[in-house]
Each structure stands twice: as structure tokens, then as C-alpha cells.
Amino acid sequence: MKLASYIPSVILGLLLNILDGLSYGMIIFPIGERIFANLGSAGLSMFYVSCIISQLIYSLGGSAFKAGIGSEMIEVTPFFHAMAAAITHEIGEDSPDVVIATTITAYAFSSIITGAIFFLLGKFKLGQLVAFFPRHILIGCIGGVGYFLVVTGMEVSSKLGSFEYNWPYLSSLFELSTFFKWFLPVFLTVGLIVLQHFNHNSLILPSYFILVFIITHILIIVVPTWDLESARDSGYMFSSGPNSNAPWYEFYTLYNFKVVRWGVLFQQVPTMLALTFFGILHVPINVPALAVSMKQDEVDVDRELIAHGLSNLVSGAVGSIQNYLVYTNSLLFMRAGADSRVAGVMLALATFAVLLVGPVVIGFIPVCVVGSLIFLLGYELLKEALWDTWGRVSGVEYGTILVIVLTMGVYDFVIGIVVGVILASFHFLWENTKIPIITNAYTGEVARSTVIRHPLQEQFLHRIGKQIYVLKLQSFLFFGTIGKVEKEIKKLFDTDNFHKTPIRYLILDFKNVLNIDFSAAEGLNRIRNFIFEQDAYMIISIGDKDMILDSLRKVGLFDTDNKKLQVFQDLNSSLEWCENEFLTKYKNFQKFKKEHQKTSSIPRTAKKPSFSTLPINTPRNTNFLQEASNTYKRELVDQQQAVKEDEPLSLLMLSLQGVSTKPREFWKKLIPYFHSPFTLANGQTLSFKITDSFFVLVEKGVVTVDLHTNISDEGGVPIIHETLLPRTIIGRFAGGSEDVSSGHKRRLINSFKAKKDCKYWEIDDKALNRLRAEEPELFMELMLVVMKMNEERFENFTGYALIST
Numbered sequence: 001m002k003l004a005s006y007i008p009s010v011i012l013g014l015l016l017n018i019l020d021g022l023s024y025g026m027i028i029f030p031i032g033e034r035i036f037a038n039l040g041s042a043g044l045s046m047f048y049v050s051c052i053i054s055q056l057i058y059s060l061g062g063s064a065f066k067a068g069i070g071s072e073m074i075e076v077t078p079f080f081h082a083m084a085a086a087i088t089h090e091i092g093e094d095s096p097d098v099v100i101a102t103t104i105t106a107y108a109f110s111s112i113i114t115g116a117i118f119f120l121l122g123k124f125k126l127g128q129l130v131a132f133f134p135r136h137i138l139i140g141c142i143g144g145v146g147y148f149l150v151v152t153g154m155e156v157s158s159k160l161g162s163f164e165y166n167w168p169y170l171s172s173l174f175e176l177s178t179f180f181k182w183f184l185p186v187f188l189t190v191g192l193i194v195l196q197h198f199n200h201n202s203l204i205l206p207s208y209f210i211l212v213f214i215i216t217h218i219l220i221i222v223v224p225t226w227d228l229e230s231a232r233d234s235g236y237m238f239s240s241g242p243n244s245n246a247p248w249y250e251f252y253t254l255y256n257f258k259v260v261r262w263g264v265l266f267q268q269v270p271t272m273l274a275l276t277f278f279g280i281l282h283v284p285i286n287v288p289a290l291a292v293s294m295k296q297d298e299v300d301v302d303r304e305l306i307a308h309g310l311s312n313l314v315s316g317a318v319g320s321i322q323n324y325l326v327y328t329n330s331l332l333f334m335r336a337g338a339d340s341r342v343a344g345v346m347l348a349l350a351t352f353a354v355l356l357v358g359p360v361v362i363g364f365i366p367v368c369v370v371g372s373l374i375f376l377l378g379y380e381l382l383k384e385a386l387w388d389t390w391g392r393v394s395g396v397e398y399g400t401i402l403v404i405v406l407t408m409g410v411y412d413f414v415i416g417i418v419v420g421v422i423l424a425s426f427h428f429l430w431e432n433t434k435i436p437i438i439t440n441a442y443t444g445e446v447a448r449s450t451v452i453r454h455p456l457q458e459q460f461l462h463r464i465g466k467q468i469y470v471l472k473l474q475s476f477l478f479f480g481t482i483g484k485v486e487k488e489i490k491k492l493f494d495t496d497n498f499h500k501t502p503i504r505y506l507i508l509d510f511k512n513v514l515n516i517d518f519s520a521a522e523g524l525n526r527i528r529n530f531i532f533e534q535d536a537y538m539i540i541s542i543g544d545k546d547m548i549l550d551s552l553r554k555v556g557l558f559d560t561d562n563k564k565l566q567v568f569q570d571l572n573s574s575l576e577w578c579e580n581e582f583l584t585k586y587k588n589f590q591k592f593k594k595e596h597q598k599t600s601s602i603p604r605t606a607k608k609p610s611f612s613t614l615p616i617n618t619p620r621n622t623n624f625l626q627e628a629s630n631t632y633k634r635e636l637v638d639q640q641q642a643v644k645e646d647e648p649l650s651l652l653m654l655s656l657q658g659v660s661t662k663p664r665e666f667w668k669k670l671i672p673y674f675h676s677p678f679t680l681a682n683g684q685t686l687s688f689k690i691t692d693s694f695f696v697l698v699e700k701g702v703v704t705v706d707l708h709t710n711i712s713d714e715g716g717v718p719i720i721h722e723t724l725l726p727r728t729i730i731g732r733f734a735g736g737s738e739d740v741s742s743g744h745k746r747r748l749i750n751s752f753k754a755k756k757d758c759k760y761w762e763i764d765d766k767a768l769n770r771l772r773a774e775e776p777e778l779f780m781e782l783m784l785v786v787m788k789m790n791e792e793r794f795e796n797f798t799g800y801a802l803i804s805t
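Going by full-length UniProt numbering, the first residue of the sequence shown is number 1, and it counts up by one from there.
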């Protein structure tokens with residue numbers, strides 16, 4: 001009973017196979033040529049053998065689709081004809097047996113190559129590689145096949161032989177006796193297209209051609225002056241050939257390895273590889289599409305590639321041609337009720353029954369039916385390539401599709417693919433040159449390191465920050481994009497721009513750069529030389545791009561002892577180095593000013609100290625001297641007030657410069673709350689709990705600060721890293737640790753680790769609580785100071801987060 005339920009779907013699948021066999025099985029060989037004119041039946045038998053083999057392999061467990069239909073790929077037909085034409089040209093028409101033997105062997109050999117490539121791709125899990133191939137090239141190739149089919153339809157229907165692009169051939173097409181031969185299938189095709197536009201039933205196509213077949217034979221019976229022989233002689237019916245009663249396996253007699261020209265055959269390998277190319281692209285497209293249509297999630301493209309490999313290897317080994325899983329036929333077959341592997345095996349047996357009938361059936365097939373089927377396929381493929389893509393792809397992509405179609409149709413299929421790949425490569429190159437290679441640019445006013453410095457130093461670095469310039473690069477740096485980087489950098493040093501942002505340190509951030517080619521690496525050499533000429537520094541933040549760093553080394557970018565070229569692991573280190581350079585320069589300025597003050601009373605004839613390292617004739621140095629002088633004046637006033645005080649008051653007053661205007665008498669009341677100075681040895685760690693309030697004043701050494709979020713009771717994960725320098729303060733007033741919206745504690749924890757032996761002063765949680773009770777005004781002012789410092793820290797972090805993403 002279950003087997004009987006599959007009969008309707010098997011009949012539908014069989015009709016689809018028969019129609020496919022008539023449309024492109026019969027034209028496996030170029031039957032419009034004299035040598036191959038009688039090989040339509042051989043091609044049809046080879047087609048059915050390939051269908052049966054693929055059907056059995058898919059249905060017996062090779063494919064995840066239990067009832068998927070395997071069939072010849074229409075796209076391979078132009079390549080078959082190209083191989084046949086090339087072999088005929090090399091051997092000559094005077095040796096038809098040699099030409100046919102070499103051609104059919106080449107067909108089978110190409111199937112073996114296709115199967116081997118399919119199998120290897122699936123075996124090594126490389127199915128996803130084809131996703132990188134441009135879709136519009138495949139569409140262009142499909143359009144080229146459509147063009148070829150229209151031309152082939154003209155050849156098969158008109159019986160004029162190979163299509164030629166000249167006036168005599170075109171004029172012969174419109175001779176009355178020839179015109180009706182090709183016009184009738186064109187008319188039938190147009191009628192079917194109109195019918196399908198209004199009715200989308202899947203049975204329309206087979207019913208239409210069965211009706212045409214029946215009407216043709218009725219006319220032959222009814223018209224007195226017309227019979228099968230006269231219809232065949234006049235070109236309206238196919239001839240079965242001299243071996244009309246031969247069995248289906250007659251095509252094996254065409255194989256004669258003794259006369260095969262192997263040298264000529266191997267010359268066709270490039271065409272075979274181009275033929276394989278179509279199959280490789282189709283499988284990863286058809287398989288997922290069919291899986292989606294059938295709501296079948298458990299589909300592995302690599303498994304399907306292995307199944308295709310086996311079916312093509314077996315097909316080639318038994319002397320047949322390529323095959324693949326046909327999306328449309330499989331969908332119709334399965335939706336008609338074929339939901340098991342048994343249905344697929346039944347279809348294979350039914351197809352074998354048709355094969356057993358042999359080539360005698362060819363003599364009863366109207367040429368208009370086959371011609372109309374070929375025209376219909378050509379129309380659908382051309383429509384898919386040229387009409388359906390209109391307005392959906394870019395102008396360049398559409399132009400590429402059009403060029404591929406014309407090149408394949410008029411000139412050569414393999415050349416058409418090569419032209420398509422070249423055009424796609426240039427298009428890819430063009431599109432990549434339009435990608436902004438510089439994502440963002442920041443000055444040091446925004447781009448700051450996470451080092452916590454003295455407030456006056458922070459303010460100085462902010463004001464001098466326009467001399468630090470960060471260029472964030474992205475994507476792939478290659479010969480088409482490095483020119484943009486060079487142009488942008490040169491623009492930065494133009495007179496007008498340079499007065500606005502007098503750049504001393506140019507940082508190139510490679511964090512988001514994927515790779516770099518030789519030309520771009522050489523371009524960085526030119527950029528380095530240009531920056532040196534501008535008396536500026538080139539700093540490279542390389543990140544974890546070891547491959548890029550190696551490429552830069554190979555072109556000699558670092559073959560210089562010039563300090564003006566620096567490389568750092570990350571952007572934070574690059575910014576910290578630039579800031580340290582400015583602060584070193586500022587210390588030299590301080591030293592100069594102090595020496596200048598000491599010698600201010602020296603007579604004019606005496607030589608005074610000269611700050612020759614800072615000439616004031618450039619925008620950079622003018623800006624630096626101006627900001628350094630302002631900072632020095634503020635620092636000098638505060639130092640004069642604090643220098644006479646004992647520690648930690650003197651240290652406290654220096655640390656509060658720029659963040660508090662309260663006098664030293666006010667802050668003197670805070671001293672009793674400090675504990676005696678603590679020391680942290682290099683590598684030693686100090687942690688504060690979530691409930692702890694604290695105020696820390698660093699006297700000497702370098703401390704790294706990690707802000708943790710306590711994920712579990714066992715410990716935390718550091719999420720923010722800072723560096724504390726001498727004369728800096730950090731504090732926290734605990735509270736608000738509950739996250740009301742989520743109902744759990746955030747648990748933010750500070751831990752301190754000494755990078756160098758460190759000395760610091762601390763007001764702990766108990767002392768702060770006592771301060772709040774005894775000196776509320778002082779406590780509030782201290783809170784304001786901590787809030788102001790934390791605000792500056794937050795600005796630094798947001799700035800760094802902004803530029804580092």
C-alpha cells in the first residue's frame with residue numbers, strides 16, 4: 001500500500017527526467033554537426049545512465065535528501081560542445097571514428113575529474129570555500145549558458161548546422177522552408193511562457209509538451225500527404241539513425257581506446273576544469289536552498305559533496321557524464337509525496353525501464369518539442385541572468401554579467417569565465433579602494449593613556465594634546481589604499497592644517513588592519529621618510545599583528561636608528577610614551593627656567609643659559625613653550641606654599657594642585673587622619689573590599705591599579721587597568737553597591753600592585769568615618785576632590801575606550 005502511494009510522484013519524476021533527456025540529453029553531442037548528427041540517441045542513453053547512477057547513490061544513503069533527483073547539469077552542455085569542436089578541429093573531419101572515440105572518452109574523463117574534485121572538497125570539509133566566489137559571476141555564466149541554448153535551439157530546429165555570425169547564415173534562417181522549422185518551437189515556447197504566467201501549476205509543463213506530441217502525431221495521421229518518413233526527411237521529426245533498433249548500450253561501441261588521441265584529449269583538461277567549476281558552485285547553492293524549502297535542518301554540504309563525488313566518479317567510470325542534485329525536480333518530486341528513499345529507488349527503476357526501450361523512441365519525437373524545450377531553458381536562464389538582476393545588482397556587477405554572457409555566447413565559454421573572474425577581481429579591487437581605510441582620527445586632547453598623573457600634568461597634557469595625532473586604520477592595506485593614507489598624512493602637515501594641529505607625534509593604529517601587502521609596506525617607508533622630513537615622530541601601534549610586523553621588517557621599515565620611529569604593542573603604550581616625552585621635555589623646561597632665575601642677576605655681558613632645544617620658530621615649539629610656561633607658573637606658586645610643610649602635607653598640597661583652591665591651613669586638619677607611610681615591595685599587591693572607603697596618596701614608586709568585577713566568591717576579573725605615578729591621589733567612598741535594577745551586587749574592587757618599590761600614605765575606612773563625624777566640611781571637600789579626580793579618570797577612560805574600539 002505504501003509503495004502504491006509513491007506511484008503518482010514517481011510518474012511525475014519520470015516525466016521530468018524524460019523532458020530533461022529530450023531537452024539536453026539529446027544534445028550532449030553537437031548533433032547539428034555532420035560527424036555527430038546520429039548521436040542523439042547515444043547522448044540520450046548516456047543521460048539516463050547518469051540519472052540512474054546518481055539517483056541510486058543519493059537514495060541509498062549518500063545524500064541527506066531521501067528522494068532527491070539527480071540529473072545532468074545543463075550548464076555542462078556548452079563545454080561538451082566546446083570539447084567536441086576542439087577535438088574535431090585538431091583531428092579533422094576525415095577521421096570521424098577517431099573524433100567520436102576521443103570526444104566520448106573526454107566526456108567520461110571529465111566526469112571522473114568532476115567526481116574527484118567533489119569528493120576531495122567534501123572529504124576535507126572545504127564545502128564553504130565556494131561561498132567566497134562572487135555570485136554575479138555565476139549568474140553571468142548561467143546567462144552565457146542561456147545564450148548558448150538559444151543558439152543551440154536554432155541549430156537543432158533549423159537543421160542548418162553550426163550557428164555562424166554572418167549574413168549568409170542569417171539570411172538562410174529566413175528562407176521559407178527553414179523559417180517554419182525554428183519559428184514553430186519559438187512560437188510554442190512563447191505560448192508556454194504566457195500560459196505559465198497565468199497558471200503556476202507544476203503539471204503545466206509536461207502536459208503542454210505531451211499535448212504537442214499528441215497533436216503532431218494526429219496531424220501526421222490525418223494529413224494524407226504526410227507520414228513519419230516524410231516528416232523526418234523534411235526535418236520536423238527526429239531520425240533514429242541507422243541503428244534505430246540498437247539496444248540502449250549501443251553507445252559503448254563508440255569507445256575505442258586504441259584510436260583515442262590522448263594528447264588531444266588532455267588538451268581539453270582546462271575546459272574540463274571550467275566544467276567542474278559550475279558543479280562546485282551549484283551544489284552549495286542548491287543543497288541549502290532545498291533544505292530550506294523542505295524544512296530539513298540536518299543537512300551537511302560536505303556530505304552532499306562526497307555524494308556528488310561518488311556519483312560522478314561512478315558515472316565517469318561506466319562511461320557516462322556528470323550529474324548533480326537538481327533543486328527544482330527534487331522539490332516537485334518530494335512535494336508530490338516522495339518522502340522516503342524507496343520512492344527514489346522506484347524512480348531509478350522507472351528511468352531504467354525507459355532506458356531499456358532504446359533509441360527507437362527518438363524517431364517518434366517531434367523536433368519542435370525538443371527545440372521548444374531548449375528555447376525555454378535558454379529563455380529562463382537568460383531571464384535569470386539579465387532580467388531578474390536588473391535593479392538588484394550594481395551597475396558594475398550588471399555590466400560584468402552582460403560581458404560574461406556575450407563572451408561565452410559569441411566567443412568561448414572558458415574565456416568567458418576567465419573574463420568574469422578578471423572583471424570581478426577588478427571590481428573587488430575598486431570596491432576595496434572605496435572603503436575608508438582611515439576609520440577615525442583623534443588628537444591627544446581626546447586620546448589619552450590610562451596613566452593617572454599629577455593634576456597639573458594632566459592639564460598640561462590636555463592642552464598640549466593637539467601635538468599627538470592618532471590615525472586608526474582598518475581593513476586590508478594594499479596598493480590600492482595606501483595612497484589614501486599617504487595623501488591624508490601629507491594633508492595634515494599642510495601649512496593651514498599644521499598651524500591648527502602642530503603634530504609632533506603621529507600614531508598609526510594597526511589594531512583593525514587585517515593584513516598588508518608589499519606595496520603598502522613600501523608605502524609606509526615613504527610615509528616614514530616624509531614624517532622624518534617634517535621633524536615629527538612616527539609611532540606604530542601594532543597590536544597582535546605579528547604577520548604585519550614581519551612584513552614591515554622585510555621591507556626595511558625599521559632599518560634605522562632614528563628615535564623618531566617607535567613601535568608599541570598597543571595604543572595605550574603608544575600614548576603613554578608620547579605623554580612621557582612631553583613631560584620629559586617639560587622637565588627640561590623647568591630646569592632651564594630655574595637656571596634662568598639663578599642667573600637673572602648676572603650682568604648682560606655674561607652668557608645666560610639657552611633653551612636651544614626649543615626654538616620658538618615653529619608652531620609646535622611655540623605651542624609647547626606657551627603651555628609649559630603657563631603650567632610652570634601655576635606649579636611654582638603652589639610649590640612656594642607647600643615647600644615649607646612637613647610630609648605628608650607638602651606632598652598633599654602638591655598633589656592637590658589644580659583640583660582644590662582650599663588653603664594649606666584647611667588641609668592641615670586632614671594630616672592626623674593619615675596612617676604612617678606604607679611601603680609596597682615590587683610585585684606586592686594590596687586589595688580593597690567592596691565595603692571599604694579609602695584615600696591613597698602616592699609618594700614614590702609606580703603602582704598599577706586594576707578595577708575588578710567579582711564574578712564569583714573566588715575572585716574577580718580585571719576590567720580596567722591604570723597606572724599611578726608619584727604625587728597622585730586615588731580614593732573611593734563606598735556606597736550604592738547594590739544594583740537595584742538587576743537585584744545583585746556589582747562588587748567593584750580595586751587592587752594595587754607595585755611595579756617599583758612604592759611608598760604611599762593612606763586614610764582607611766575607619767579614619768574616613770571618623771573624619772565624617774569630626775570634620776564634616778573637610779570630609780565633604782575631600783569627597784569633592786576624589787569626585788573631581790575620578791571624573792578626570794573617567795574622561796581618560798572614555799576617551800581611550802572611544803579610540804581603542
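Beta carbons: idealized from backbone N, C-alpha and C, even for Gly.
Simplified DSSP assignment, three categories, for residue i
i: Phe568; result: strand
i: Gly444; result: coil
i: Asn580; result: helix
i: Asn166; result: coil
i: Ser687; result: strand
i: Lys745; result: No answer about Lys745 holds up, because its pLDDT of 46 lies below 50 and its placement is not dependable.
i: Gly61; result: helix
i: Ile527; result: helix
i: Asp706; result: strand
i: Phe752; result: strand
i: Thr328; result: helix
i: His282; result: helix
Residue i burial status per 10 Å Cβ neighbour count (16 or more: buried)
i: Arg553; result: exposed
i: Lys181; result: buried
i: Ala773; result: exposed
i: Val786; result: buried
i: Tyr255; result: exposed
i: His499; result: exposed
i: Gly279; result: buried
i: Pro30; result: buried
i: Tyr6; result: buried
i: Pro168; result: exposed
Sheet register partners of residue i (DSSP bridge)
i: Met237; result: Pro366
i: Phe678; result: Tyr760
i: Arg732; result: Phe694
Chain-order list of residues whose beta-carbon lies under 7 angstroms from that of residue i (same chain, five-residue window excluded)
i: Leu697; result: Pro648, Leu651, Leu652, Ser655, Ile729, Tyr760 and Trp761
i: Ser742; result: Summary for Ser742: the model assigns pLDDT 40, below 50, so the residue's position carries little reliability, and this model does not support an answer.
i: Leu22; result: Ile365, Val369, Val370 and Leu373
i: His721; result: Thr450, Thr704 and Asp706
i: Arg504; result: Gln467, Ala536, Tyr537 and Arg620
i: Lys123; result: Ile306
N- and C-terminal bounds of the beta strand (DSSP E) containing residue i
i: Asp509; result: Tyr505 to Ile516
i: Thr661; result: No beta strand (DSSP E) holds Thr661; DSSP gives it neither H nor E.
i: Ala474; result: Sequence check: residue 474 is Gln here, not Ala. Element bounds for Gln474: Ile468 to Leu477.
i: Ser541; result: Tyr537 to Ser541
Boundaries (first-last residue) of the alpha helix (DSSP H) holding residue i
i: Ile100; result: Pro96 to Lys123
i: Phe209; result: Ile204 to Val222
i: Thr178; result: Leu176 to Phe198
i: Asn796; result: Pro776 to Ser804
Any non-hydrogen atom of the ligand ATP within 7 angstroms of residue i CB
i: Leu120; result: In the structure on display, the ligand ATP does not appear, and there are no ligands present to speak of.
Chain D contact for residue i (CB, 8 angstroms cutoff)
i: Leu290; result: No chain D is part of this structure, which consists of one protein chain only.
Residues of its chain near residue i, where Cβ-Cβ distance is below 6 angstroms and the 5 sequence neighbours each way are ignored
i: Ile103; result: First, the residue type needs correcting, since residue 103 is Thr and not Ile in the sequence shown. These residues qualify, in order along the chain: Ala84 and Ile87.
Own chain residues within Cβ distance below 8 angstroms of residue i, not counting five before or after
i: Leu473; result: Ile437, Ile438, Thr439, Val485, Leu508, Asp509, Phe510, Asn512 and Val513
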